[in-house]
Structure formats: C-alpha cells, structure tokens
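Numbering (full-length UniProt numbering), first residue to last: 1 to 725.
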C-alpha cells in the first residue's frame, strides 16, 4: 500500500460547502500511462482518513454508541408473534415492538461471546483463549443476529453470514454446505426455521459441531415471544424432534439462551480486536460461479464509518432506523455499524416484505436506506396518484408544486417550502411515517429525476452511494446538499482514492475529453484484504499496490464527480438493483429482452390504449410472493400489448439517445411469475442471476433469435425482389 493517510478532523459546514465547487482533486504527478491521475475527495487531499480518533474497530463503534447514548437508551426492538394464526384472517398476530436497552444488549454480547468460546473449547478441545476463528450466522434480520455479530467482535472472532441462495447453481442445503466448509465453520447460529436445512447439510460438513438456535428449543409457540420462525409441520414439539435428529447427525444443538447462560457462568474478559484483524468474511452473492468470500477487517469498516462522518453524514440517538435489507449483505452490515456507533435505536421488520410499509408506518424511521427498486416504486406510486391520476387539475397542481420546490431547492438549498409542503408534500411524507430526514440509495444507479422528486416529496436529504462488498460497502457518495449531482455517484469518500484505467477494446480512455473515462479503480484503508482462500481471484481483483478493480466503467466530471457509464463485463445493473434483463448470445449480433410487466400499470395502459375493456378491474399492486393476476397472463399474449411495450422501449431509447444496437430487437413478456429470490432468479441483493435466467428462458430466447433471423431473411429477399422491378 502506498497511499498517504491523515488524522481525522471535524470539518465545518463552510468547508464542506466550499468543496461542493470542486468535489475531488487530482494528486500532483500521479498520472501514469494507461490510467488517469489519482483523484481524492477534496477533504482528504493531504492524505486519506483512516479512522475516527476513538473508533478503530467495530468493537469500538458499539462501545462509543453505548457511551454517548447511555446504557438505558433504546437499542434493538422486534415484534413478537402472539399467535401464529388468527382464527379469522389466518395470519400471524403480532405484538407491539419489544425493546432491549443498550446496556442489556451489551451484556448479552459479552455473555454470548463467552458462551461461544467456552462451548467451542468443550466440544472441539481447542484453547478457550484462541481468537480469529469463524462462526456462522444464518437468519433474517432480528436483534439476535446483531447480538451474535457483536459478540464475535467483542472477542476477536469472525462472524460469517449465510443466506439461502448464493450462486446460480446453489439451492437450499448446498449453499449452506459451501460456506460452512469454505469458511471452516464449526459453530452455526441460526433461527429455528433454519435448523432443518442446517441438519440436512451437516452430513457433508465434517467441521460443523454445534448449532445454536436463536429461538428457544423448549417451546417455539407464541408464548416464547420470539419472532415468526416456527417450523412448518412439526408442531410444538419441534425442539425435541430437532435435538433427537441432531444427536443422530453427531451435531450438538443448543438454544441461544442456553449459550448466554453458559457464558454468564463462565464470563471471560473481552478480547478487543486490532484494526488489522478480520472483522468478517462477507460472501458475495454472485451471479455466476462460486461466491467469493471478501475478507474485510475492523480497520476497513472503521475507515468507511470515518469517511461518512467526515462528509457530514451523521447518526445520533435521536434517530430511528428500520432494518430490513439483508444483514448478510455488506450494505446493511455497514449501516448497522453506523447505527450502533451513533447510538441509534433500531427496529427490525417482521421478516415479510409484504408487511414492510406497515412496519414503516409503525416505526416512523428517520433514517431510511434502500435500493433503487423500492425508491422507484415509491416514486411511481406518487406519480400514479398525481401526474397520471387522470385528473387534469391534480396533475397541474402537482406539476407546479414539484417544479417550484425543485427550483427553490436547487437555488437556496432548502428542503422545505412553506406553501407547497402545506398543500401537497406534507401528506406524501406520511408514506414513510413523516419523520425521515435521510434516505440513502445504494446497490445500483438511480436517476437524478427520481432523487429530486423524493427530496421534494419527503422534504429530506436523499443521497446516492456506490460501493461493493470489497469496499466495506461504500466507496463514494453524493455530498449532502449537492442537488446538482444527479446522475452521478458523487466523489469518493475521504478514506478512498480513485483512478480510471484505460479499456482500449471498449474505447474508454483516460485521455478522453472533456472528461477522462475508464474502469474505476479504488484504493484506501476501506478496501478488503483478500478473497478467502482464493489467491488467484484476489490477484485478478487487487493489484500489488492495493488498487481494487471494480469492473464498473466511469467518467469524472469537471466538478470532480464520478459517473457510471458502463460495465466492463457488459453486465448492467438495472435501477431496481437487478442486472439488466437484456440477453445477448455470443453468436448473435442483436439484443433480446425478458420483461415482467408491472400488473397495475400494465392494465391501466392497456385500458388507455383500448387493448382491453375499460370495465376491466385493475388488480392493484402485487406484493412479492403473490401470484400474478390472470388478466396479466392474458395481456402478455396480446400482440397489441407486446407492440405497446416495444414502442415504449423504443421511445425511451430515443429520449436517452441510445445507439441502434442498444435496442432489443425482440421481447418476451413473462406473465406467470415475478423474478424473485425465492424462485432463484434474483440474488439476495436483488441482482439477476443471469445463468439461471438464461437456462429458464432458453427456449424463449431461442425463439426470439429465430424470429429475428427469419425477419432478416425476409427483408433480404424483399430487397432482392425490389431490385429487379
């Protein structure tokens, strides 16, 4: 590593505003052949920020939050299930949010960490004082997940997150086997509903010795006050059945409560990690091939936290966060570190995305981080109720309000408007509870138009960030208050530096004018150490000087803002966090597209264009897991509707000045199911699994190319005939 570092310091508001004029600066004499000069955030031109003065590890981050918020402050909350099935609705009956204080959570992490070490020593015979060994966490977001995570940090252990679908060919137990074996996991902490899958996989995991259930094994019914993690078909005796099964498998099964009690009786002093120690191995979800385990250190996450704080992105105990993005992914993991650092109370969603907006209304968060897919849905819903409501008056008023507030925001920097907030926007704010002060969009690009609309509608800061698992979640983010940065991902964090490397084959060069272009390479104290047990893949991604090749192609504007313009491997991300559904065969010269139409909007457009009767009932929004309506299944077969979709794509392409080859030449409309994590088409971070999609739609893709080639032949034959006339 050859980058310089500088001490962290608090920057005044006027310093930050001054840097909006030139967000990044070039490092003198850093230009080399085949790459641009090195750019840094204007706050760190003299050296990269490494950490906050008192927070050099994730363990420090929790302790800092405990100190500033106090042991009696609210820390984590979940909604227990009072009854698994309501007699009338058939749905679970949920209790009110149940809080744990920061002091209680702190004690639980020490008890559980001590219990983990004692249990491992007893079962495996290893030294109880040994550190930097791995253990797994496998559950949806909940307080126990984070408590287990921070128990590991308190004793210099390495928590490793598991999730159900990791690579395109992994389903269920196979994904568990891969990580457990690859990461040398001997103890796995999971929710009760995951124990079955873990036991199924255990016969192929010789190192796995202990399973710890986050839920009680004595009675997993409503009286346990646990989250909704019951095991289907086992009834109230699930615990005893699973214990018997685990004995047959040669694996010890305990409850988290038992391990905490063991730790309380055998309490060990904390073993604080060093910045260079491994914090976690975070497996990338992967769209092809085996997932890679990114080894991120405590120093990596400390640098990311310091970089965000330096740019004025702060969190306090007055905030409220709702955790629903997967904690197994670096994005929410880094967010949670920021929350515990700031002493922020955190509520956890109920594990069902169809209930998310109910959870939001109840929690009324002040911090809301998400992916473009959800932000675009919110934006679309707002426009459907206003600009596209069918009422000329409503559309005119909203259009005027949005234009007036946007202009005011960009000229004065004010996120509020006395007139239009009172008349229009204060009502819209209630969609997210009415208290949100900061939204952060990550994982894929989002349009500046959507960002501006959300800022106006919710009267809050809306930032776009960029990062990867390998950058401890964040590499760049737009400045708070910079409302001219739409379409960019902002400057790099003050803990990161960036350069653009030439890609001659794609005609992207650092010498391009007016803005240099090339593959985005980043370096700094937030960059991962390596891929676990993958030296070859590490060498392909990290060079000898510590530069990480991101695979994204970008340009740097004259203001010093990074703009994503392409993907080196020709795989684009869509705004919903998915990869582009455009498919291209290496032996073909045209693009084809697989499209899943949005039911509510599709029916509305079909009625407007008289494709179906105006009396057709609109099915409304479809939640994940719900079947698609019959009307959509009929619509996708309609040639008129197919033409409507194709014409709309062509229109949008022309507006965005796409080249001819960038238009799909044929489309297939999917009307039977949404692309989802459950059916294996999306990764847990909502990216398209291209291998799975290509296999699933192989026949449709083949038919589309046959159609294109047949059209080519007929056009050619027609031209030959015409030439003879």
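Glycine residues also receive a C-beta, built at the ideal position from the N, C-alpha and C atoms.
Unbroken beta strand (DSSP E) run spanning residue i, endpoints
i           : result
residue 439 : 438-441
residue 78  : 74-78
residue 357 : Looking at the DSSP string, residue 357 is not in any beta strand (DSSP E); the run it does join, the alpha helix (DSSP H), is 356-363.
residue 397 : No beta strand (DSSP E) contains residue 397, which is instead part of the alpha helix (DSSP H) from 392-412.
residue 16  : First-last for residue 16: 13-18, but that is the alpha helix (DSSP H), not the beta strand (DSSP E).
For residue j and residue i, the rounded distance between their alpha carbons
i           : j           : result
residue 455 : residue 487 : 15 Å
residue 726 : residue 642 : In the structure as shown, the chain begins at 1 and stops at 725. Residue 726 is therefore absent and cannot be evaluated.
residue 567 : residue 519 : 8 Å
residue 428 : residue 401 : 13 Å
residue 510 : residue 552 : 14 Å
residue 374 : residue 469 : 21 Å
residue 327 : residue 333 : 5 Å
residue 364 : residue 381 : 19 Å
residue 563 : residue 489 : 6 Å
residue 323 : residue 346 : 7 Å
residue 492 : residue 24  : 8 Å
residue 467 : residue 442 : 8 Å
residue 708 : residue 666 : 7 Å
residue 319 : residue 367 : 7 Å
residue 540 : residue 501 : 15 Å
residue 415 : residue 459 : 5 Å
residue 87  : residue 354 : 20 Å
residue 27  : residue 477 : 20 Å
residue 516 : residue 42  : 18 Å
residue 2   : residue 543 : 12 Å
residue 609 : residue 698 : 31 Å
residue 14  : residue 48  : 21 Å
residue 474 : residue 278 : 18 Å
residue 213 : residue 257 : 9 Å
residue 633 : residue 398 : 34 Å
residue 670 : residue 260 : 49 Å
residue 674 : residue 181 : 33 Å
residue 555 : residue 529 : 26 Å
Residue range of the unbroken alpha helix (DSSP H) whose run includes residue i
i           : result
residue 132 : No alpha helix (DSSP H) contains residue 132, which DSSP labels as neither H nor E.
residue 238 : 238-249
residue 640 : 639-655
residue 202 : 195-202
residue 679 : No alpha helix (DSSP H) contains residue 679, which DSSP labels as neither H nor E.
residue 465 : Element bounds for residue 465: not the alpha helix (DSSP H) but the beta strand (DSSP E), 461-466.
residue 599 : 599-608
residue 547 : Careful: residue 547 lies outside any alpha helix (DSSP H) and carries neither H nor E.
residue 334 : 330-342
residue 151 : 143-154
Buried or exposed (CB count within 10 angstroms, at least 16 for buried), residue i
i           : result
residue 508 : buried
residue 524 : buried
residue 44  : buried
residue 262 : buried
residue 629 : buried
residue 140 : buried
residue 650 : exposed
residue 392 : exposed
residue 292 : buried
residue 109 : buried
residue 464 : buried
Residues bridged to residue i [DSSP beta-bridge criterion]
i           : result
residue 24  : 41
residue 322 : 347
residue 448 : Partner(s): none; residue 448 has no beta bridge.
residue 517 : 555
residue 367 : 321, 438
residue 530 : 295
residue 100 : 76
residue 94  : 81
residue 497 : 40, 523
residue 282 : 294
residue 211 : 188, 253
residue 88  : The partner list for residue 88 (beta bridge, DSSP) is empty, contrary to what the question assumes.
Distance cut-off 7 Å: residue i Cβ against heavy atoms of the ligand NAD
i           : result
residue 204 : Annotation note on the ligand NAD: not contained in the displayed structure, which lists no ligands.
Checklist entry - Does the region 331-350 touch the region 115-128, meaning 3 or more C-beta pairs lie closer than 8 Å? => result No, the region 115-128 is not in contact with the region 331-350.
Checklist entry - Touching or not, the region 50-65 and the region 301-313, by the rule of three or more beta carbon pairs under 8 Å? => result They touch, by the three-pair rule.
Checklist entry - With contact counted as at least three CB pairs below 8 Å, one residue from each stretch, are the region 605-620 and the region 629-648 in contact? => result Counting Cβ pairs under 8 Å, three or more are found: they touch.
Item to check | Validate contact between the region 348-358 and the region 413-428 using beta carbons, cut 8 Å, 3 pairs | outcome: Three or more beta-carbon pairs separated by less than 8 Å are not found between the region 348-358 and the region 413-428, which leaves the two stretches without contact.
Next on the checklist: Does the contact criterion of 3 or more C-beta pairs under 8 Å hold for the region 73-85 versus the region 93-103?
Outcome noted: As far as the Cβ criterion goes, the region 73-85 touches the region 93-103, which means the pair count is three or higher.
Checklist entry - Should the region 146-158 be called in touch with the region 103-121, which here means at least 3 C-beta pairs below 8 Å? => result Yes, they touch.
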